[in-house]
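Here's the structure we're looking at; comments come further down.
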Amino acid sequence: MGTLVMKFGGSTVGTAAALAQVLSIILHEEKRWDNLIVVASALDGITDMMLEAAQLAQIGSARGYRRIAATIRTRHLALVELLPLGNLESTALQADIDRLLFEMLDICQQVANTPSEKLLPQISDAVAGVGERLSARIIAAMLRHNEVRSVAIDGSDIIVTDDAFGNANPILDETKNRIEQNLAPMLSRQIVPVVTGYIGATQTGNPTTIGRGGSDYTASIISQCIHADEVWIWSDVDGMMSTDPRQVNSAKIIEELSYSEVAELAYFGARILHARMIKPLQENNIALRIKNVYKPQHPGTIIHSNIDDEQHTLKAVTNIQGFVITAYRSGPVHDLIERVHEALYQASGSQMDTMLVSQSSSHTQICFVIPTTSGIETSNALSQMVYEALETVQDQDWTVSPVHIITAIGRNLDKHNEIIARIFESLQGMNILGVAQGPSGCSLSIVLNPADGVDALAYIHDLVLAS
Ligand code: ASP
Ligand code: MG
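Heads up, the sequence shown is in this note's numbering, so the first residue is 184 and it goes up one at a time.
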């Protein structure tokens with residue numbers, strides 16, 4: 184039945200019970216599809232611990248990174264102990280775990296021995312990827328023990344990237360070649376490869392990572408190169424939700440989305456998917472499903488191109504936090520815009536993007552919105568840099584303040600002003616600081632004061648439920 188790529192997220196590989204589900208899902212699908220490729224994330228929390236270990240190495244705390252390595256070792260060994268694997272696989276896995284953690288300790292020790300001002304991103308990439316290398320081996324061993332031919336593959340052997348460490352970009356031609364050489368022959372021999380998500384390597388073999396949550400993207404890159412028919416992302420939720428259930432309790436599962444809708448959802452804060460994974464699937468018309476390992480029969484959310492184009496329901500609404508720079512000025516504003524962009528670029532590197540820029544026609548108010556999703560510290564550092572950059576702009580009256588960005592998502596939103604009117608109507612009495620529409624025509628973002636954010640989310644979600 185063609186080729187299926189299934190990615191299992193951190194929470195689904197973190198416990199023996201979840202892994203039992205993963206195993207039964209793979210065994211089931213393996214019989215149904217001609218080719219099956221598995222992509223594995225690290226056990227939940229492990230990547231954070233790896234990155235922390237690298238940081239501790241940087242400040243010379245051998246005790247700190249060794250403690251983390253020991254905790255990671257204990258957690259993996261305890262998990263292996265609980266899995267029905269048989270002596271042979273168990274012993275081999277334990278040796279693998281020790282070897283990989285030894286490699287990690289080796290890197291940390293080198294870092295600790297060579298004082299430098301800050302941790303190089305190529306070092307944190309080399310350490311961070313160990314989590315996936317551990318989990319992929321565990322899944323492959325489980326499959327072999329269940330009579331499925333399976334091999335763990337390191338993403339660094341097949342995903343060739345540039346050297347934007349921490350958020351590297353795949354070099355497609357070379358990745359395709361590697362996949363044809365290394366992965367395709369396995370498929371024709373009925374082997375199920377279990378590929379580590381999140382990691383790649385430069386042409387010269389330096390380990391890279393493709394952004395936090397990047398295992399989704401790995402699945403998408405492989406699917407594109409191997410011409411897969413479908414990609415299934417397995418996690419512990421039933422699918423994409425119409426809004427954040429922690430903020431609005433009437434949130435529900437979305438059954439079906441177009442690629443553009445899901446891309447906007449991922450971009451504007453639905454953390455369940457890596458934002459960059461959608462484009463390759465859209466371009467190659469590969470269907471995407473989001474499914475729950477604990478409810479494999481539940482259809483989850485499907486994303487595909489066979490969607491009624493005339494339909495225009497409001498599907499979802501998201502809320503992300505950011506900050507806004509408001510400048511009041513009567514003259515031209517280009518120098519100010521340039522300066523802010525430059526400061527943002529310098530401050531954020533590849534970490535952050537200006538998500539939304541809006542400027543009133545009278546040239547008196549400009550707001551840039553940068554999401555704070557990458558953490559409050561980065562956000563504070565960024566606002567400080569913007570602050571300093573702006574201080575050098577003369578004759579200026581401006582403020583930097585926190586905001587919420589509420590984004591309504593639904594196909595053909597741009598062609599249906601009546602929906603947009605209803606959205607604005609629901610926000611009566613709120614101070615709207617900026618508005619922007621996505622080029623795909625399926626998102627409308629509204630910038631509000633933090634005090635209005637959660638109410639606005641609930642009001643617009645009522646419209647989602649009604650549509
Ligand atoms: N383990 C990596 C992370 O925590 C990648 C992933 O989970 O997709 O970011
Ligand atoms: Mg994820």
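We treat Cβ as the ideally placed atom computed from N, Cα and C, and that holds for glycine.
All figures in this text were calculated on a predicted structure; none of them were measured in a lab.
Legend entry - Identity of the residues DSSP links to Thr626 by a beta bridge: Per the sequence shown, residue 626 should be read as Ser rather than Thr. Paired residue(s): Ile592.
Inset, instruction - Given a cut-off of 8 Å, decide if Val414 and Ile485 are closer than it, judged by their beta-carbon atoms. - result: no
Inset, instruction - Identify the continuous beta strand (DSSP E) that holds Gly247 and give its terminal residues. - result: Premise fails: Gly247 lies in the alpha helix (DSSP H), 245 to 265, not in any beta strand (DSSP E).
Inset, instruction - Let me know the secondary structure DSSP gives Ile587 once reduced to three states. - result: According to the sequence displayed, residue 587 carries His and not Ile. Three-state DSSP puts His587 in a strand.
Legend entry - For Met424, the residue or residues it bridges with in DSSP: Met424 is bridged to Ile436.
Legend entry - Buried or exposed (CB count within 10 angstroms, at least 16 for buried), Gly621: buried
Inset, instruction - Assuming Met369 and Val334 form a contact by the criterion Cβ under 8 Å, report the distance between their Cβ atoms to the nearest whole angstrom. - result: 6 Å
Legend entry - Rounded distance between the beta-carbons of Ser541 and Ala619, thought under 8 Å: About 5 Å; that satisfies the 8 Å criterion.
Legend entry - Three-state secondary structure assigned by DSSP to Met189: strand
Inset, instruction - Taking the CB atoms as reference points, tell me whether Trp417 and Lys214 lie closer together than 8 Å. - result: no
Legend entry - Between the CA atoms of Val222 and Leu210 - distance to the nearest angstrom: 15 Å
Inset, instruction - Check whether the Cβ of Asp399 lies closer than 7 Å to any heavy atom of ligand 1, and answer yes or no. - result: yes
Legend entry - Same chain only: Cβ atoms within 7 Å of Ile455, ignoring 5 sequence neighbours per side: Ser418, Val420, Met423, Ile473
Inset, instruction - With distances taken Cα to Cα, identify the nearest neighbour of Asn350 among Asp308, Gly483, Val188. - result: Closest option to Asn350, Cα to Cα, is Asp308.
Legend entry - Coarse secondary structure for Ala278, derived from DSSP in three states: Correct three-state label for Ala278: helix.
Inset, instruction - Could you confirm whether any beta carbon from chain B is found closer than 8 Å to the beta carbon of Met568? - result: In the displayed structure, chain B is absent; only one protein chain is listed.
Inset, instruction - Find the nearest neighbour of Gln465 within the set Leu440, Pro479, Leu631, judged by alpha-carbon distance. - result: Answer by Cα proximity: Leu440.
Inset, instruction - Report yes if the C-beta of Thr230 is less than 7 Å from at least one heavy atom of ligand 1; otherwise report no. - result: yes
Inset, instruction - Just mark Met184 as buried or exposed, buried being the case when its beta carbon has 16 or more other beta carbons within 10 Å. - result: That one is exposed.
Legend entry - Which of helix, strand or coil DSSP assigns to Asn350: coil
Inset, instruction - May I ask you to report which of helix, strand or coil DSSP gives Arg522? - result: helix
Inset, instruction - Rank Val263, Pro267, Leu262, Glu235 by C-alpha distance to the C-alpha of Ala252 and give the top, closest one. - result: Glu235
Inset, instruction - Taking only runs that begin and end inside the stretch 368 to 419, name each unbroken alpha helix (DSSP H) of 4 or more residues, in chain order. - result: 398 to 409
Inset, instruction - For Leu206, collect the residues of the same chain with a Cβ closer than 7 Å to its Cβ; drop the 5 residues on either side in sequence, then sort them by chain order. - result: Met325, Asn329
Inset, instruction - Kindly indicate which residue of Pro304, Arg361, Ile549, Arg246 has the alpha-carbon position closest to the one of Glu521. - result: Ile549
Inset, instruction - Can you have a look at Ser318 and say buried or exposed, based on whether 16 or more other CB atoms are within 10 angstroms of its CB? - result: buried
Legend entry - ligand 1 heavy atom lying under 7 Å from the CB of Gly192: yes
Inset, instruction - Report the three-state DSSP secondary structure of Ser488 (helix, strand or coil). - result: coil
Legend entry - Those residues which DSSP pairs with Thr582 across a bridge: Thr509
Legend entry - Own chain partners of Arg429 with C-beta closer than 6 Å, once the 5 adjacent residues on each side are dropped: Correct list: empty, nothing qualifies.
Legend entry - Backbone secondary structure at Thr198 - three-state DSSP: coil
Inset, instruction - Verify the contact flag: Ala225, CB atom, against every heavy atom of ligand 1, threshold strictly below 7 Å. - result: yes
Inset, instruction - Please find out if some non-hydrogen atom of ligand 1 comes closer than 7 Å to the beta-carbon of Arg459. - result: Exclusion of Arg459 from the 7 Å shell around ligand 1 follows from its C-beta lying no nearer than that to any non-hydrogen atom of the ligand.
Legend entry - Through-space distance from Asp227 to Thr195, alpha-carbon basis: 8 Å
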